[in-house]
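For reference, the structure discussed in these notes is given below.
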Amino acid sequence: MAYEIESSFATRAIHVGEPIDQTNGAVEPSITLSTNFSTDPESVGFSADSLNAETPYFYARWSTPTVRALEEKLADLEGGEDALCFASGMSAITCLLLGTLQTGDHLLLSDVCYAGLAEFAHHTLPRYGIEVTTADFSDLEAVRNTIRSNTKIVWAETPANPILRLTDIQALHQIVQNTRAELVVDSTMATPFATRPLELGADYVVHSLTKYINGHGDALGGVVVGRQHKLAQLRQQTLVHHGGALSPFNAWLIRRGVHTLDLRMQRHEANALHVARWLEAHPAIRQVMYPGLPSHPQHDLARAQMRNFSGMLTFQTREEGAVVARRFYEKLKTITYAVSLGKQRSLVWYIPTKEIIASSFHLTGAALESYRAFAGDGIFRVSIGLESPVDICSDLEQALSA
Ligand SMILES: *Cc1c(COP(=O)(O)O)cnc(C)c1O
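Numbers in this note's numbering are just positions in the sequence shown, counted from 1, shifted up by 251.
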């Protein structure tokens with residue numbers, strides 16, 4: 252990366268990839284929307300095979316200056332050699348998997364992870380002859396016993412969406428490093444402000460930029476951060492041909508979101524801690540799960556691995572969840588009943604255990620019991636926003652008791 256000065260996270264989040272424009276003095280960067288670039292006929296050919304560092308811009312599906320600047324910033328914040336952006340988190344995930352795995356390979360996936368990835372892994376990858384098995388990644392012995400000689404990728408997500416179960420990245424790396432597999436960590440819920448998986452031994456870190464990194468709920472995006480030569484291959488072999496390029500306009504919005512990531516995460520955490528404590532003391536609530544609470548079964552790991560506990564929590568109500576969900580949808584005002592997470596507005600979404608197990612996670616027997624023991628039956632996933640925590644609690648109060 253061009254930026255050599257050792258500086259703090261907040262400073263780098265603002266400055267990396269965004270020098271003052273040398274042509275016109277603009278302090279904030281302009282968006283380059285052009286889909287094609289004028290190039291020397293000898294420097295680059297028509298095929299993606301001719302991609303080269305000397306001629307980075309050719310056609311916008313390959314790379315654009317605005318997206319490239321965001322990639323430099325994200326690589327820096329994660330402490331990675333390079334980064335590669337995609338049109339969404341799912342595009343980053345599927346391109347990394349399809350660009351790395353081939354027929355006969357085995358993927359070992361956390362049995363709880365982003366539902367879109369779980370469904371892709373269970374339904375699509377086997378059609379290409381890729382074996383997929385899952386394990387409880389909070390139980391590293393289980394992971395060790397599930398790795399095979401053909402395991403090519405071990406895929407962790409911490410905290411795992413939606414139940415906020417953690418994985419010890421460093422301990423997992425100790426296991427994976429003695430195998431032929433590479434370790435991927437989806438760190439969307441933690442953000443680079445809280446956890447830097449590459450420093451703990453991961454080979455790749457993946458984010459949905461749609462969530463905390465953009466932080467304002469108005470742009471989809473995804474990123475893979477890792478070694479430079481691996482990402483160059485991934486750009487050439489998957490991004491260019493699968494076509495999920497990040498729009499420069501979204502990249503521009505996301506880089507603006509990154510400027511306040513540090514401030515926002517501190518406020519998300521403070522708000523979430525306030526609401527989590529309030530919920531824990533509320534008679535209508537059966538259980539609260541927040542990595543920042545001492546009652547979280549992995550609170551010690553959270554303290555060791557997360558510099559910030561982020562803004563996600565889950566709870567269970569004593570009353571039937573589906574009934575409360577209906578009332579939340581009708582009565583909540585500060586909080587919005589909607590999916591997604593990591594934005595300025597607080598969001599809540601009800602996840603019935605039976606449905607997510609059947610549609611996404613495909614858990615049976617002991618694995619299902621362990622999911623139920625951790626998460627309970629039917630959880631409300633809350634993305635605590637940046638509003639006043641007092642207002643968030645009074646909104647919950649009026650909707651819980653209505
Ligand atoms: C949302 C999410 C994704 C998918 O990202 P999109 O930008 O919605 O495609 C992947 N992983 C996690 C943990 C997520 O929360």
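Where a beta carbon is used, it is the ideal one built from N, C-alpha and C, also for glycine.
Distance cut-off 7 angstroms: residue i Cβ against heavy atoms of ligand 1
| i | result |
| --- | --- |
| Glu408 | yes |
| Gly236 | Because the chain in this structure spans residues 252 to 653, residue 236 falls outside the shown range and cannot be described. |
| Asp469 | no |
| Glu610 | As written in the sequence, residue 610 is Ser, which differs from the Glu given in the question. Every heavy atom of ligand 1 is 7 angstroms or more from the Cβ of Ser610, so no. |
| Met516 | no |
| Lys594 | no |
| Ser289 | no |
| Ser459 | yes |
| Thr565 | no |
| Gly634 | In the sequence under discussion, the amino acid at residue 634 is Ser, which differs from the Gly named in the question. It does not: the Cβ of Ser634 is nowhere closer than 7 angstroms to a heavy atom of ligand 1. |
| Tyr365 | yes |
| Asn663 | The question about residue 663 has no answer, for the chain in this structure spans 252 to 653. |
| Lys324 | no |
| Gly562 | no |
| Ser339 | yes |
| Thr446 | no |
| Thr511 | no |
| Ile404 | no |
| Ile630 | no |
| Asp437 | yes |
| Asn412 | yes |
| Pro344 | Per the sequence presented here, residue 344 reads as Ile, with Pro not at that position. Yes, the beta carbon of Ile344 sits closer than 7 angstroms to at least one heavy atom of ligand 1. |
| Ile557 | Before going on, a small fix: residue 557 reads as Met here, not Ile. No, Cβ of Met557 sits at least 7 angstroms from all heavy atoms of ligand 1. |
| Met540 | no |
| Lys582 | no |
| Lys462 | yes |
Simplified DSSP assignment, three categories, for residue i
| i | result |
| --- | --- |
| Ala253 | Confidence at Ala253 is low in this model, with a pLDDT of 34, below 50, so its placement is unreliable and the value that follows should be read with caution. Residue state, collapsed to three classes: coil. |
| Asp437 | strand |
| Asn682 | The shown model of the chain, from 252 to 653, leaves out residue 682, and the question about it has no answer. |
| Ser298 | coil |
| Ile536 | strand |
| Asn559 | coil |
| His547 | coil |
| Ile602 | strand |
| His266 | helix |
| Asp513 | helix |
Test item: CB-CB of residue i and residue j under 8 angstroms
| i | j | result |
| --- | --- | --- |
| Ser339 | Thr461 | yes |
| Thr585 | Asp646 | yes |
| Val457 | Leu423 | no |
| Thr397 | Thr384 | yes |
| His519 | Ser546 | no |
| Ala527 | Gly508 | no |
| Ile643 | Trp503 | no |
| Tyr463 | Leu415 | no |
| Gln538 | Gln556 | no |
| Ile420 | Val436 | yes |
Residue from the options with nearest C-alpha to residue i
| i | options | result |
| --- | --- | --- |
| Glu332 | Gly477, Ile643, Leu358 | Gly477 |
| Val474 | Ser438, Gln488, Gly452, Phe388 | Ser438 |
| Phe337 | Tyr601, Gln428, Ser314, Gly330 | Ser314 |
| Tyr455 | Met563, Thr351, Leu302 | Thr351 |
| Thr286 | Ala496, Gly296, Arg558 | Ala496 |
| Pro443 | Ser301, Leu637, Glu648, Arg263 | Arg263 |
| Lys403 | Arg632, His613, Asn429 | Asn429 |
| Gly629 | Gly616, Tyr580, Thr615, Arg569 | Arg569 |
| Tyr580 | Ala320, Ile420, Thr345, Trp600 | Trp600 |
| Pro499 | Gln479, Gln517, Ser639, Leu471 | Leu471 |
Cβ separation of residue i and residue j, assumed to be a contact under 8 angstroms, to the nearest whole Å
| i | j | result |
| --- | --- | --- |
| Ser361 | Glu392 | Not confirmed; about 15 angstroms, so no contact. |
| Arg515 | Gly466 | 5 angstroms |
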